[in-house]
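The structure appears right after this line, and notes come after that.
Numbering (my numbering), first residue to last: 89 to 419.
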């Protein structure tokens with residue numbers, strides 16, 4: 089029976105622009121709230137009637153309707169099969185705009201943050217949509233106005249956790265403007281050579297554990313830093329999660345290590361907590377210039393190019409002499 093009812097709700101929603109009729113469509117949404125607790129109903133309505141729902145949220149300002157619409161979307165956002173249609177059709181942008189337009193309605197803000205948090209867990213494209221709409225900064229600004237409201241602050245913390253866990257942009261860049269300069273151009277030259285050269289380092293973890301060697305190498309775009317071990321799979325750090333790279337042995341794990349051999353990578357985990365990767369280079373010179381391997385390659389290429397140039401020059405001289413001798417013989 090529910091299948092027939094959800095089909096009827098879809099038909100009413102999509103026909104004759106009924107979504108523009110506030111009284112009629114509000115009653116439809118009330119029924120949808122109850123039906124979409126079932127996954128198949130949520131999928132069907134999101135697939136076929138997401139656009140009317142989003143248009144209605146953009147059009148109407150009546151608070152009870154917006155609350156009902158948000159409740160329906162909350163129910164559907166729990167299921168990946170429904171979330172993918174809502175996100176694809178622009179639900180994130182519509183929610184952010186409605187949150188800005190209704191910034192004084194805190195109960196609605198709580199609903200909206202819950203929807204986006206659910207989207208982040210159930211649909212992978214949500215993180216990109218949040219980044220495009222600057223969702224983090226919008227919610228951060230709106231929630232700062234109600235620091236004493238426990239429900240708002242609770243949903244804000246839940247959203248932050250979901251955002252930091254699912255987005256590929258690190259918490260160190262959350263809410264910030266897009267960088268027009270590539271990461272590799274923002275890094276200090278010495279550290280860039282160190283991170284991209286496949287350098288062997290010694291990692292210190294403290295807590296009574298023995299230091300061990302690793303090979304660190306950033307990928308071509310400097311977005312991921314791989315820490316390879318001889319007997320384990322390589323671990324990665326998102327370079328966008330890195331807040332600072334600094335030299336020195338001021339960290340407790342590096343005590344007793346020469347200052348000019350130490351450097352630390354400070355990054356943020358998905359929960360927003362800072363963690364340190366304490367590394368020791370084998371020689372102090374490796375932080376200041378190219379690794380020895382690159383010097384060897386550079387010298388080899390120079391010799392190779394020089395030999396080729398000399399060979400080419402000798403061939404040209406031989407050719408000219410041959411032509412000259414032929415002319416002399418013919419005379």
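Every residue gets a Cβ at the ideal spot worked out from N, C-alpha and C, and that includes glycine.
Going by the beta-carbon positions, is the gap between residue i and residue j smaller than 8 Å?
{"i": "residue 199", "j": "residue 138", "result": "no"}
{"i": "residue 152", "j": "residue 120", "result": "no"}
{"i": "residue 370", "j": "residue 288", "result": "yes"}
{"i": "residue 334", "j": "residue 356", "result": "no"}
{"i": "residue 175", "j": "residue 221", "result": "no"}
{"i": "residue 203", "j": "residue 223", "result": "no"}
{"i": "residue 145", "j": "residue 182", "result": "yes"}
{"i": "residue 101", "j": "residue 163", "result": "no"}
{"i": "residue 226", "j": "residue 187", "result": "yes"}
{"i": "residue 141", "j": "residue 157", "result": "yes"}
{"i": "residue 110", "j": "residue 135", "result": "no"}
Please work out which residues of its chain come closer than 6 Å, Cβ to Cβ, to residue i, disregarding the five sequence neighbours upstream and downstream, and give them in chain order.
{"i": "residue 366", "result": "292, 339, 341, 342, 352"}
{"i": "residue 171", "result": "165, 207, 210, 211"}
Count the other CB atoms, across all protein chains shown, that sit within 10 Å of the CB of residue i; report buried if there are 16 or more and exposed otherwise.
{"i": "residue 346", "result": "exposed"}
{"i": "residue 252", "result": "buried"}
{"i": "residue 113", "result": "buried"}
{"i": "residue 423", "result": "Summary: the structure shown does not reach residue 423, with the chain confined to residues 89 through 419, and so no result is reported for it."}
{"i": "residue 173", "result": "buried"}
{"i": "residue 167", "result": "buried"}
{"i": "residue 105", "result": "exposed"}
{"i": "residue 350", "result": "buried"}
{"i": "residue 201", "result": "buried"}
{"i": "residue 107", "result": "buried"}
{"i": "residue 396", "result": "exposed"}
{"i": "residue 218", "result": "buried"}
{"i": "residue 229", "result": "exposed"}
{"i": "residue 236", "result": "exposed"}
{"i": "residue 408", "result": "exposed"}
{"i": "residue 374", "result": "Reliability fails at residue 374, whose pLDDT of 44 lies under 50, so the model's placement of it is uncertain and the value that follows must be treated cautiously. Its Cβ being crowded by 16 or more others within 10 Å, residue 374 is buried."}
{"i": "residue 247", "result": "buried"}
{"i": "residue 103", "result": "exposed"}
Identify, in the order they occur along the chain, each residue of the same chain with its Cβ nearer than 7 Å to the Cβ of residue i, setting aside the five sequence neighbours on each side.
{"i": "residue 94", "result": "123, 129, 132, 133"}
{"i": "residue 240", "result": "194, 197, 198, 231, 234"}
{"i": "residue 42", "result": "Residue 42 is absent from the model: the chain starts at 89 and stops at 419."}
Can you give me the Cβ contacts of residue i inside the same chain, cut-off strictly under 8 Å, excluding the 5 residues immediately before and after it?
{"i": "residue 254", "result": "208, 209, 212, 214, 215"}
{"i": "residue 193", "result": "151, 154"}
{"i": "residue 299", "result": "290, 291, 292, 293, 368"}
{"i": "residue 116", "result": "97, 100, 101, 106"}
Which one or two residues does DSSP pair with residue i in a beta bridge?
{"i": "residue 198", "result": "DSSP output for residue 198 lists no bridge partner at all."}
{"i": "residue 219", "result": "Per DSSP, none; premise fails for residue 219."}
{"i": "residue 366", "result": "292, 352"}
{"i": "residue 330", "result": "355"}
{"i": "residue 325", "result": "313"}
Query - Continuous alpha helix (DSSP H) assignments of at least 4 residues falling wholly in the segment 146-184 - result: 151-164, 168-176
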